[in-house]
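Just below is one structure, and these are the notes that go with it.
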Amino acid sequence: MMPSIVLLLVTLAYPIFYTIDISFSTFDLSTFGAGEWVGLANYEEVLNDYRFWDALKVTLVYLVIALPLQVALGFAIAFLINAEWGGRGLIRALFIIPMVVAPVVAGGIWRMILDPLWGLMNYALQGIGVGPLDWFGDPNLAMAAVIIIDTWRWTPFIVLIATAALLALPKDVFEAAKIDGANWWSTLWSIALPLLIPIITATFVIRWLGAVKMFDIVLAATYGGPGKATNVLNLFIYEEAFRSLRFAESSAMAVIVLVLTMVLTAIFLYGSRKLEERF
Amino acid sequence: MTTVATSAPSRPSGQLGHRIRIVSGVAVTLLFLFPVFWMVLTSFKQQVDIFTSPPKFFFTPTVSTYVEYFRRADIERRLINTVIVAAGSGLLSIVVGTMAGYALARIRLRGAATFGVLILLSRGVPPIALAVPMFLVARQLGLTDKHITLILAYSTFLVPYVMWLMRSFFLSLPRELEESAMIDGCSRYGAFFKIIMPISLPGLISTLIFSMILAWEELLFALVLTNRVASTIPVAIAGIAGDTINGANWGALTAVGTITVVPVVIFALLVQKWLIRGLADGATKG
Numbered sequence: 001m002m003p004s005i006v007l008l009l010v011t012l013a014y015p016i017f018y019t020i021d022i023s024f025s026t027f028d029l030s031t032f033g034a035g036e037w038v039g040l041a042n043y044e045e046v047l048n049d050y051r052f053w054d055a056l057k058v059t060l061v062y063l064v065i066a067l068p069l070q071v072a073l074g075f076a077i078a079f080l081i082n083a084e085w086g087g088r089g090l091i092r093a094l095f096i097i098p099m100v101v102a103p104v105v106a107g108g109i110w111r112m113i114l115d116p117l118w119g120l121m122n123y124a125l126q127g128i129g130v131g132p133l134d135w136f137g138d139p140n141l142a143m144a145a146v147i148i149i150d151t152w153r154w155t156p157f158i159v160l161i162a163t164a165a166l167l168a169l170p171k172d173v174f175e176a177a178k179i180d181g182a183n184w185w186s187t188l189w190s191i192a193l194p195l196l197i198p199i200i201t202a203t204f205v206i207r208w209l210g211a212v213k214m215f216d217i218v219l220a221a222t223y224g225g226p227g228k229a230t231n232v233l234n235l236f237i238y239e240e241a242f243r244s245l246r247f248a249e250s251s252a253m254a255v256i257v258l259v260l261t262m263v264l265t266a267i268f269l270y271g272s273r274k275l276e277e278r279f
Numbered sequence: 001m002t003t004v005a006t007s008a009p010s011r012p013s014g015q016l017g018h019r020i021r022i023v024s025g026v027a028v029t030l031l032f033l034f035p036v037f038w039m040v041l042t043s044f045k046q047q048v049d050i051f052t053s054p055p056k057f058f059f060t061p062t063v064s065t066y067v068e069y070f071r072r073a074d075i076e077r078r079l080i081n082t083v084i085v086a087a088g089s090g091l092l093s094i095v096v097g098t099m100a101g102y103a104l105a106r107i108r109l110r111g112a113a114t115f116g117v118l119i120l121l122s123r124g125v126p127p128i129a130l131a132v133p134m135f136l137v138a139r140q141l142g143l144t145d146k147h148i149t150l151i152l153a154y155s156t157f158l159v160p161y162v163m164w165l166m167r168s169f170f171l172s173l174p175r176e177l178e179e180s181a182m183i184d185g186c187s188r189y190g191a192f193f194k195i196i197m198p199i200s201l202p203g204l205i206s207t208l209i210f211s212m213i214l215a216w217e218e219l220l221f222a223l224v225l226t227n228r229v230a231s232t233i234p235v236a237i238a239g240i241a242g243d244t245i246n247g248a249n250w251g252a253l254t255a256v257g258t259i260t261v262v263p264v265v266i267f268a269l270l271v272q273k274w275l276i277r278g279l280a281d282g283a284t285k286g
């Protein structure tokens, strides 16, 4: 255990404390280190910055739409691709491909597919009488594009977990339900769902932990644009720190994000436990 | 399978439902694969075949994009860097994380439970909160743009991941395994290496694979901590994808994208059994 404690202290704990330290100080660009202690001044500045609130709102919109969408789609698709037949293994194996595609690559590919002039998507949409849509020029469509890309990449991850969960369900309960003459809806609603609730909530929490870190897809697909329509907090903090060199303010934002993430994660964990107890 | 539609294969409607399920399952899978297929296809097009409306499915393939881009953008070195960093951080995390996971699972220590909770919490730390201080520290130590810096940075999310997975893996093994070996005169280390490691190999491999994939595609730390010498492929791709001034350079994008994706895909398909298991374990037990 010692090596890991040392390694994590150096690489994880130290940077966190350093961030906290900077967030309460001025930042001296000549020495590139923390300067004078200024108390909560950086936090005040951040909280009075409308751009911070905008980025927070963008992040929330993305999370609120993308997370449930991916979890629901993931379980639905897992149900489909686990139909018993000869090609099931192959299908399952192929389905993991989007997941191992790096997020930046995903962002790039989709940028090409969604291109308003030459992209395949608009060509297909025009075939059914829609568009052409300017995916990256319209704020709402750009957010939709980010969610589509993110969902494309992450749904397979949820499909795999859901597959494992479906395979682990006890068969005899379903046999018994069939003998008792339960139809598929009541089987789904009162047998499969309660058995799946723990794994659905666990999946949600895992995906949440991944989604709050989302950065690479926006960077490759929209770079926060158009305007600031897809400027998620992570990208905003990155820009503030490494483009504007406002390290003190961005550290304060990072600390806020850290605290928010921890609190929400704790709430989700607590909520999922409550939900499991109810079923 | 224990899912509902298959539970009634005797009825004709169940048969039909089953068939619909298979067909839609295949359709959905092909739909999800299509973007990757389209990327690979585009990478073999000439510029004139890329920018056409309607998009071309049939064309004379060429490797000119690959040749040209390799010469121009130093892709070779970035590819080597990515391999070094992914393998380095994967191996470091697996060695350190496995030992710690074992300790968490087996050895009664004061504070072990607290440490376990801290490890779990650390998976929620947003990397952006680490990127700023890491950059500043690396700068002060003169460690920017070095492989070792990235390898250490990646260990912040890989070590907790490995620890947690391996901990649950070790917990699932019966304690008697080592106890009997230790009664027969093996030391704790002897028992670990001779008895536990061989059984743990599948879990270990799946964890290693997934760690390396995570390191392979990481962008934020690579962007912040490297600039030329140790720069990785994701940084190059982000550069091309975000390059709106020259218009979209789809040839380069798809060529580099294909180079990064194809080895990982082949690798993932070869080890898919382990990969799926590792993921499922990570999710259900993590």
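Those sequence lines, one after another, are chains A and B.
With full-length UniProt numbering as the guide, the letters of the first sequence map in order to residues 1 to 279.
With full-length UniProt numbering as the guide, the letters of the second sequence map in order to residues 1 to 286.
Glycine included, each C-beta is placed from N, C-alpha and C at the ideal position.
In this text, all values refer to a predicted model and were calculated from it rather than measured experimentally.
query                                                                                                                   : result
Nearest-angstrom Cβ-Cβ length linking B:V159 and B:V96, presumed shorter than 8 Å                                       : 6 Å
Helix, strand or coil at A:A102 according to DSSP, with G and I counted as helix                                        : coil
Residue(s) in a DSSP beta bridge with A:G137                                                                            : For A:G137, which the question treats as bridged, DSSP gives no partner whatsoever.
Residue from A:T151, A:S23 and A:Y123 with nearest C-alpha to A:N42                                                     : A:S23
Chain B residues whose Cβ lies nearer than 7 Å to that of A:V105                                                        : I237, G257, T260 and V261
Interfacial residues, the stretch 28 to 56 of chain B to chain A, with Cβ spacing under 8 Å                             : V28, T29, F32, L33, P35, V36, W38, M39, T42, I50, F51, T52, S53, P54 and P55
Assigned exposure category for B:R228 - 16 Cβ within 10 Å defines buried                                                : exposed
A:I65 vs A:I200 beta-carbon contact at 8 Å                                                                              : no
Beta carbon proximity, A:I81 to chain B, threshold 8 Å                                                                  : yes
Contact set between A:F242 and chain B, taken where Cβ atoms lie within less than 7 Å                                   : V224
Buried or exposed by the 16-neighbour rule on C-beta atoms within 10 Å, applied to A:S244                               : exposed
Residue closest to A:G215, alpha-carbon to alpha-carbon, out of A:V159, A:P103, A:P3 and A:W189                         : It should be noted that the sequence gives Phe, not Gly, for residue 215 of chain A. Residue A:P103 is the option with its Cα nearest to A:F215.
Short CB-CB distance (under 8 Å) between A:W85 and chain B                                                              : yes
is_contact[A:V232, chain B] using C-beta, thresh 8 Å                                                                    : no
Per-residue DSSP class, three states only, for A:V259                                                                   : helix
CB contact flag (A:A254, B:A129, <8 Å)                                                                                  : yes
B:G90 versus B:Q46 - alpha carbon distance                                                                              : 37 Å
8 Å Cβ cutoff, A:I147 in contact with chain B                                                                           : no
Simplified DSSP state of A:V277, which is helix, strand or coil                                                         : Reading off the sequence, residue 277 of chain A comes out as Glu, not Val. A:E277: helix per DSSP, three-state reduction.
Partners in chain A for residue 287 of chain B, counting only beta-carbon separations shorter than 7 Å                  : Past the edges of chain B, shown from 1 to 286, lies residue 287 of chain B, and the structure says nothing about it.
Chain A contact for B:I245 (CB, 8 Å cutoff)                                                                             : The predicted position of B:I245 is uncertain, since its pLDDT is 49 and thus under 50; no value can be drawn from it.
Per-residue burial, B:G251 [other beta carbons within 10 Å of its own, 16 or more giving buried]                        : buried
Rounded distance between the beta-carbons of A:I149 and A:E110, thought under 8 Å                                       : It is worth fixing the name first, because residue 110 of chain A is Trp in this sequence and not Glu. Between A:I149 and A:W110 the Cβ distance is about 5 Å, and since that is below 8 Å, they are a contact.
First through last residue of the alpha helix (DSSP H) which encompasses B:A100                                         : I75 to R106
Cβ contact check for the stretch 68 to 75 of chain B and the stretch 253 to 264 of chain B: 3 or more pairs under 8 Å   : yes
Buried or exposed by the 16-neighbour rule on C-beta atoms within 10 Å, applied to B:I52                                : According to the sequence provided, residue 52 of chain B is Thr. The question's Ile does not apply to it. Result: exposed.
DSSP three-state assignment for B:L275, whether helix, strand or coil                                                   : helix
Residues near B:L201 in its chain [Cβ-Cβ closer than 6 Å; skip 5 each side]                                             : none
Residue nearest to A:Y62 in terms of C-alpha spacing, selected from A:V232, A:F52 and A:I256                            : A:V232
Neighbourhood of A:I191 by C-beta distance below 8 Å, restricted to the same chain and skipping five residues each side : V173, F174, A177 and A182
Three-way DSSP call (helix, strand, coil) for A:W118 in this model                                                      : coil
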